[in-house]
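Peer 1: Protein chains in written order, with this note's numbering: chain W, 9 to 177; chain Y, 1208 to 1310; chain L, 283 to 560; chain R, 18 to 116.
Input: one structure, supplied below.
Rendered as structure tokens:
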């Protein structure tokens, strides 16, 4: 899959709040059962815009630049919940929450992973600016939560100690 | 393929809390198999949740999301019996989707 | 001839010494549980089934997050389907087990007076398959884990109630399991007890060593290090390898007896499986 | 426990010197196999014993008799240690049981 929209997530965010890009071929949509059409069609459309480049960057700045086309400033209004010591680097619970207004995206980065960007979430209006997920950490690292609010990027970070890396067997 | 999507969506005082677990290897491309060969990357790229046809969350995932990934979020609205649809597609083009009723 | 007499005499002389080590599972149980309660006075007795999470607040917090949607959920759902499915001959697992298999996991392993051997619930399921003309499942991973996840879940919270009956063969099996637990083996010269009694609660690399008390009550487990489910036998094999000992066969007498001993030592604690571990 | 490892290390270090003698690999491997069988019968086989045995067979198959003998001797030695461990533990395990 190619990265058709450089600086994609930012542009990609407001564009599709409601169902279904008309561009989806009917044949593709038909692959899915009735009733599941909504998310499955959208997922196909979004897959075309998957920000490959952003996920291949090795620094926070490069990843954010590829994903949002801008840089983040530290904000105390973001709560990043991670363990101090990961019980297993393969499964590290991470929760991000913010009181910042008009949140459109949340991204999670691990600075010492082979690739910095772990996950990015597009937050439509009406969805709470809070996500929990589980990520892999290769070694002890700083985890950064980035929030796009009112078109600006804000971040918070925490260090997570990893004794059992998430890359081994 | 057996169902790969487990979801719990609970309506609670005007908003709906969604938790989902997806069955997927999420191979990072950095792990070797028993014979010492690198297992090629295989991971979900996009996961989407829609409530009554409106997208409520788009997840863009890389290979650093854990095996059998988990996601929890909440959105305003949603009542018991409403339909939530969930779909994912991975970097090899494999995909799955399912609908669940909000409880 | 003379030598034979001496041997006989020696054997006679040795007998009282052996008799002094009478097998007394009930007394063992008390001493075993007292040992852990004394070492970890702040851990509520029933919390021992949560292993490392009873000992480390940071790990417990992560575990509680993970348990919001436990990674064994797929295994549990699949196990329920497998258990309900009919064999080609129309019979079911439920036909082979007491109470249709529901709410019985706390009673296993059991001593089988017919064969004189210890039978784990996994082995009972495999027996059921063989009786119905099917091949045995692997005792460590795969469908067996999923079945065990379901059956264990149906006993969740019930007190472990493994019995060592007053049958010399049962007592001998129990005693062999006990020996396997306490005897050192492998190039590293570790016993099960080295890590899970003396070492319990200590850190080994990133892990906190689980106490032997209650250890078995959380199986089968989804282990993050495996990225999959495993039965207690899978863990036994892993432990043996870690101390550089060649593991026993999955259905070996050693593992049956060891599981029997360990389960009996957890009598009274709530079944907490299926579980999730680092 | 430390003493055991130490014994293993010291004994292993002594092995290469013995291997300087012109080897009879087949006999050495047979000795190692016998010792490993005895250890297995006592249900206390060590994984390094098996690894050394495999290495001995592999070396013999390649015609490297010196290496084959060296690995076989190492396997014999490790198996001997595991046999000793098993015999001692047959009694000693009781001392670890809480009373």
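Glycine included, every Cβ here is placed at the ideal spot set by N, Cα and C.
Since the model is a prediction, treat every value here as computed from it, not as a measurement.
(1) So with Cβ pairs under 8 Å, would you call residue 372/L a contact of chain Y?
(2) Under 8 Å: do the segment 89 to 109 of chain R and the segment 491 to 505 of chain L share three or more Cβ pairs, one atom per stretch?
(3) Please decide whether residue 1267/Y counts as near chain W, where near means a Cβ-Cβ distance under 8 Å.
(4) Does any residue of chain W bring its CB to less than 8 Å from the CB of residue 343/L?
(5) Our contact map puts residue 99/R next to residue 56/R with C-beta atoms below 8 Å; I'd like the distance itself, whole angstroms only.
(6) Per DSSP, residue 163/W forms a beta bridge with which residues?
(7) Look at the alpha carbon of residue 113/W and the alpha carbon of residue 359/L, and state the distance between them as a whole number of angstroms.
(8) Does DSSP classify residue 91/R as helix, strand or coil?
(9) Any C-beta of chain W sitting closer than 8 Å to the C-beta of residue 1271/Y?
(10) Could you give the distance in angstroms between the alpha-carbon of residue 1281/Y and the alpha-carbon of residue 1225/Y?
(11) Quick one: what's got a C-beta closer than 6 Å to residue 459/L's C-beta in the same chain, skipping five residues either side?
(12) Using a Cβ cut-off of 7 Å, pull out every chain R residue sitting near residue 461/L, in sequence order please.
(13) For the beta strand (DSSP E) that contains residue 101/W, what are its first and last residues?
(14) Does the segment 1257 to 1276 of chain Y touch the segment 1225 to 1244 of chain Y, meaning 3 or more C-beta pairs lie closer than 8 Å?
(15) Cβ atoms of residue 148/W and residue 67/W: under 8 Å apart, would you say?
(16) Among 1255/Y, 1252/Y and 1291/Y, which residue has its Cα nearest to the Cα of residue 1218/Y?
(17) May I ask you to report which of helix, strand or coil DSSP gives residue 364/L?
(18) Based on Cα-Cα distance, which residue from 550/L, 445/L and 531/L lies nearest to residue 391/L?
(19) Based on DSSP bridge pairs, tell me the residues matched to residue 396/L.
(20) Give the range of the alpha helix (DSSP H) segment to which residue 347/L is assigned.
(21) Since residue 64/R meets chain L, which of its residues come closer than 8 Å, beta carbon to beta carbon?
(22) Could you check where the beta strand (DSSP E) with residue 473/L kicks off and where it finishes?
(23) Answer yes if the segment 503 to 521 of chain L comes into contact with the segment 380 to 391 of chain L, meaning at least three C-beta pairs across the two stretches below 8 Å, and no otherwise.
(24) For the segment 60 to 79 of chain W and the segment 89 to 97 of chain W, state whether three or more C-beta atom pairs, one from each stretch, are separated by less than 8 Å.
(25) Taking three-plus beta-carbon pairs below 8 Å as touching, is the segment 431 to 440 of chain L in contact with the segment 348 to 362 of chain L?
(26) Below 8 Å between beta carbons: does that hold for residue 504/L and residue 352/L?
(27) Does the Cβ of residue 493/L lie closer than 7 Å to at least one heavy atom of the ligand NAP?
(28) Measuring only the C-alpha atoms, how far is residue 117/W from residue 102/W?
(29) Is the Cβ of residue 346/L closer than 8 Å to any Cβ of chain Y?
(30) Quick one: which residues of the segment 1275 to 1305 of chain Y get their C-beta closer than 8 Å to a C-beta of chain L? List them in chain order.
(31) Would you report the Cα separation of residue 348/L and residue 1210/Y, rounded to the nearest angstrom?
(32) Determine the DSSP secondary structure at residue 504/L, reduced to helix, strand or coil.
(33) On the criterion of 16 or more Cβ atoms from any shown chain inside 10 Å, does residue 71/R qualify as buried, or is it exposed?
(34) Count the other CB atoms within 10 Å of the CB of residue 34/W; is the residue buried (16 or more) or exposed (fewer)?
(35) Determine the DSSP secondary structure at residue 40/W, reduced to helix, strand or coil.
(36) So the beta strand (DSSP E) residue 1219/Y belongs to, where does it begin and stop?
Peer 2: Let me lay it out:
(1) No - not a single Cβ of chain Y is within 8 Å of the one on residue 372/L.
(2) Fewer than three Cβ pairs drawn from the segment 89 to 109 of chain R and the segment 491 to 505 of chain L lie within less than 8 Å of each other, which leaves the two stretches out of contact.
(3) yes
(4) yes
(5) 5 Å
(6) 82/W and 154/W
(7) 34 Å
(8) helix
(9) yes
(10) Cα to Cα, residue 1281/Y sits roughly 6 Å from residue 1225/Y.
(11) 539, 540, 542 and 543
(12) 110
(13) 100 to 106
(14) At 8 Å Cβ cutoff, the stretches touch.
(15) no
(16) 1291/Y
(17) helix
(18) 445/L
(19) Paired residue(s): none; residue 396/L is not in a bridge.
(20) 339 to 348
(21) Residues of chain L passing the Cβ test: 468, 469, 523, 526, 527 and 528.
(22) Element bounds for residue 473/L: n/a, residue is neither H nor E.
(23) no
(24) Between the segment 60 to 79 of chain W and the segment 89 to 97 of chain W there are fewer than three inter-stretch CB-CB distances shorter than 8 Å, so the stretches are not counted as touching.
(25) yes
(26) yes
(27) The ligand NAP is not part of this structure, which contains no ligands at all.
(28) 10 Å
(29) no
(30) 1275, 1277 and 1279
(31) 21 Å
(32) strand
(33) It counts as exposed.
(34) Model confidence at residue 34/W stands at a pLDDT of 32, short of 50, so the residue's coordinates are unreliable; what they give is reported in the following sentence. Exposed, by the Cβ-count rule.
(35) A caution first: residue 40/W carries a pLDDT of 33, below 50, which makes its placement in the model too unreliable to give a value.
(36) 1212 to 1219
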